[in-house]
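Novice:
What follows is the structure, given as structure tokens:
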């Protein structure tokens, strides 16, 4: 442990650096008030569930909680979350290491290919696997959710590896450690926060995913909640199961926080970093190419192959799809996703800044509250906001603003994590230096802090837009009358078994979602400018 701490701090004797208070325009009180307000808005779905359960008969709630069905669903859901999270962690870190720390030819191309699975909705991927294989149940859900979510770990780990100080690993090698042991003792502590943040997003996504588990017929909480709402009309049972799901999400957030631990500042944003010497793969390069090709074939080839099959069938059967409808749905999808990303950013900024710069109970509570939306099924968030709009803000019912707000609440964790980690990378000494040069707090924020942190924050915003394009349950409930997105049109057609007609919508949805995925890849591939160059 002493060696790991020694090499993680670059051989210095300094202990963990305390967080410094960020001098923000508006002051600390305004920041705390804004974070508390954003957290309260993000907690609306949970408040709805608590109110719904409180209004139910106590015997109904107790029976629902202690039913064998709840225990079975919990075991199934926890098993799927753990399996997918572990697989994504191993695959994501391995792919990131190959693309950053080795001399593998074509690394930039592989980065693009390995990131494109983010553009494939899990329900489209599940449909592709069902159409081409016999896999179902746990293994079907495991394969689909792992392949769709690996980039959530790969991309932040690549960014962390680019920022990591290779000198600490060199120190470990000179002390007799093997390459792998030096990596785990010196480099892993530096990239662990980013990797675990990605794993947390994966775990929360698996908790809230409905499409793939429903298609794979795997009895998880989300599928059971959907059935309880739509088929059994048992709102109490559904609300109780949703509360259990929310509690599981909170446990995940707390566990990730403990595993992340107190992060050591390895170097600083102004300190020179030693560039790592790429590992020569030699003949193992072909093995690496083969492994990456297999992952790409499974994550992209299977669903795209199934879509190609139904596109050919559509041509042969002359199934009519009007290009105007496709274009209108695509424009609606992009516009609503962009609005949701803006809402998520507005909510995430105060929470992320508070979490990055202050050690306080309020920072912990607001950050944890921001993760609640992603731990709840989209149908629960949608129903809670229908209840909220009808009783509190009737003018917002079935408006694009309420749907954009739903996207912001659902995918707020993606932006909060990006803001927190990006602000945390900014050396407070830079802000102090700018203040001594006579800059006001607002100009320090605009010219130093925000400018350095923006690449990471922008990546989080792109990730929200990408995920919002694929969201289905909340969109079905909250979209304005007459408004369709690619996801809702795809669901409407597949529900009527019009698979050939649905194929063009699925393909256009993947193409549209590929744009932010490629932008994310470009951001990661380009790295970050040295912070002192922004001054």
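Residue numbers (our numbering): 6 to 540. Positions of the beta carbon are idealized from the N, C-alpha and C atoms, including for glycine. Small disclaimer: the values here were computed from a predicted structure and weren't measured.
Report the residue from 420, 362, 443 and 205 whose alpha carbon sits nearest the alpha carbon of residue 263.
Specialist: Cα-wise, what sits closest to residue 263 is 205.
Novice: What distance in whole Å lies between the Cβ atoms of residue 368 and residue 359, which are believed to be in contact at a cut-off of 8 Å?
Specialist: The pair is a contact, with the Cβ atoms about 5 Å apart (cut-off 8 Å).
Novice: Buried or exposed for residue 277, please, with buried defined as at least 16 other CB atoms from any protein chain shown within 10 angstroms of its CB.
Specialist: Any answer about residue 277 is weak, because its pLDDT of 46 lies below 50 and its placement is not dependable; what the coordinates show is given next. By the neighbour-count rule (16 or more Cβ atoms within 10 Å), residue 277 is not buried but exposed.
Novice: Measuring straight from C-alpha to C-alpha, what distance separates residue 413 and residue 113?
Specialist: The alpha-carbon atoms of residue 413 and residue 113 are separated by roughly 31 Å.
Novice: Using alpha carbons as the reference points, say which of 297, 126 and 418 lies closest to residue 154.
Specialist: Selected option, being the one with the closest Cα: 126.
Novice: Please indicate yes or no: does the CB of residue 50 lie closer than 8 Å to some heavy atom of the ligand SAH?
Specialist: Within the structure as shown, the ligand SAH is missing, as the structure has no ligands at all.
Novice: Determine the extent of the alpha helix (DSSP H) in which residue 541 is found, giving its start and end residues.
Specialist: With the chain covering only 6 through 540, there is no way to say anything about residue 541.
Novice: Apart from the five residues on each side of it in sequence, which residues of its chain come closer than 8 Å, Cβ to Cβ, to residue 486?
Specialist: So the qualifying residues of the chain are 403.
Novice: With DSSP as the reference, label residue 490 as helix, strand or coil.
Specialist: Residue 490: coil per DSSP, three-state reduction.
Novice: In the DSSP output, what is residue 284 paired with across the bridge?
Specialist: Per DSSP, 107.
Novice: Check for me: the alpha helix (DSSP H) holding residue 410 runs from which residue to which?
Specialist: Counting along the chain, the alpha helix (DSSP H) containing residue 410 begins and ends at 405-415.
Novice: So which of 387, 256 and 503 has the shortest CA-CA distance to residue 542?
Specialist: Outside the displayed range of the chain (6 to 540) lies residue 542, so it cannot be described from this structure.
Novice: At 3 residues or longer, and completely inside the segment 50-105: list those beta strand (DSSP E) runs for me, N to C.
Specialist: As far as the segment 50-105 is concerned, it has no whole beta strand (DSSP E) run of at least 3 residues.
Novice: Measuring alpha carbon to alpha carbon, tell me which residue in 47, 34 and 189 is nearest residue 393.
Specialist: Of 47, 34 and 189, the residue nearest in Cα terms is 47.
Novice: How close, in whole Å, do the beta carbons of residue 469 and residue 345 come, if the pair is a contact with beta carbons under 8 Å?
Specialist: Yes, residue 469 and residue 345 are in contact; Cβ-Cβ is about 6 Å, under 8 Å.
Novice: With a CB to CB cut of under 7 Å and the five nearest residues on each side skipped, what residues in its chain are close to residue 207?
Specialist: 89, 90, 93, 154, 157 and 158.
Novice: Given a cut-off of 9 Å, decide if residue 221 and residue 310 are closer than it, judged by their beta-carbon atoms.
Specialist: No, these two residues do not count as a Cβ contact at 9 Å.
Novice: Using the Cα positions of residue 255 and residue 405, report the straight-line distance between them to the nearest angstrom.
Specialist: Rounded to whole angstroms, residue 255 to residue 405 spans 29 Å at the Cα level.
Novice: Checking 9 Å against the spacing of the C-beta atoms, do residue 511 and residue 129 come in under that value?
Specialist: Cβ atoms of residue 511 and residue 129: closer than 9 Å.
Novice: Using a threshold of 9 Å, state whether the C-beta atoms of residue 474 and residue 521 are closer than that.
Specialist: Yes, Cβ-Cβ distance for residue 474 and residue 521 is below 9 Å.
Novice: Provide the residue span of the alpha helix (DSSP H) that contains residue 364, from first to last.
Specialist: Note, residue 364: premise wrong, no alpha helix (DSSP H); not H, not E.
Novice: Taking three-plus beta-carbon pairs below 8 Å as touching, is the segment 98-113 in contact with the segment 287-297?
Specialist: Short answer: they touch.
Novice: May I have the straight-line CA-CA distance separating residue 272 from residue 168, to the nearest angstrom?
Specialist: Confidence is the limiting factor: at residue 272 the pLDDT is only 42, short of 50, which leaves the residue's position unreliable and the question unanswerable from this model.
Novice: From the DSSP output, in three-state form, read off residue 396 for me.
Specialist: In the structure shown, residue 396 sits in a helix (DSSP, three-state: H, G or I).
Novice: Runs of 4 residues minimum, wholly inside the segment 114-160: which ones carry the alpha helix (DSSP H) assignment?
Specialist: Here the runs fully enclosed are 127-137.
Novice: Excluding five sequence neighbours on each side, which residues of the same chain lie with their C-beta closer than 8 Å to the C-beta of residue 300?
Specialist: Only 96, 100, 119, 152 and 155 meet the Cβ criterion.
Novice: What separation, rounded to the nearest whole angstrom, lies between the Cα atoms of residue 219 and residue 377?
Specialist: Roughly 22 Å between the two C-alpha positions.
Novice: So which of 229, 134 and 217 has the shortest CA-CA distance to residue 69?
Specialist: It is 229 whose Cα lies nearest to the Cα of residue 69.
Novice: Is the distance from the Cβ of residue 423 to the Cβ of residue 383 below 9 Å?
Specialist: No. Outside cutoff.
Novice: Just confirm the distance between the C-beta atoms of residue 391 and residue 54, as a whole number of angstroms; I'd bet it's less than 8 Å.
Specialist: That belief does not hold up - the Cβ atoms of residue 391 and residue 54 are roughly 13 Å apart, past 8 Å.
Novice: DSSP three-state label for residue 432, please.
Specialist: Of the three classes helix, strand and coil, the one that applies to residue 432 here is coil, per DSSP.
Novice: So, residue 103 versus residue 297, is the Cβ gap smaller than 9 Å?
Specialist: Against a cut-off of 9 Å, the Cβ pair of residue 297 and residue 103 comes out as a contact.
Novice: Can you find the residues in the same chain that come closer than 8 Å, C-beta to C-beta, to residue 166, ignoring five residues on each side of it along the sequence?
Specialist: The residues are 101, 102, 105, 106, 192 and 196.
Novice: Would you kindly work out how many angstroms separate the C-alpha atoms of residue 143 and residue 306, rounded to a whole number?
Specialist: Approximately 21 Å, taken between the alpha carbons.
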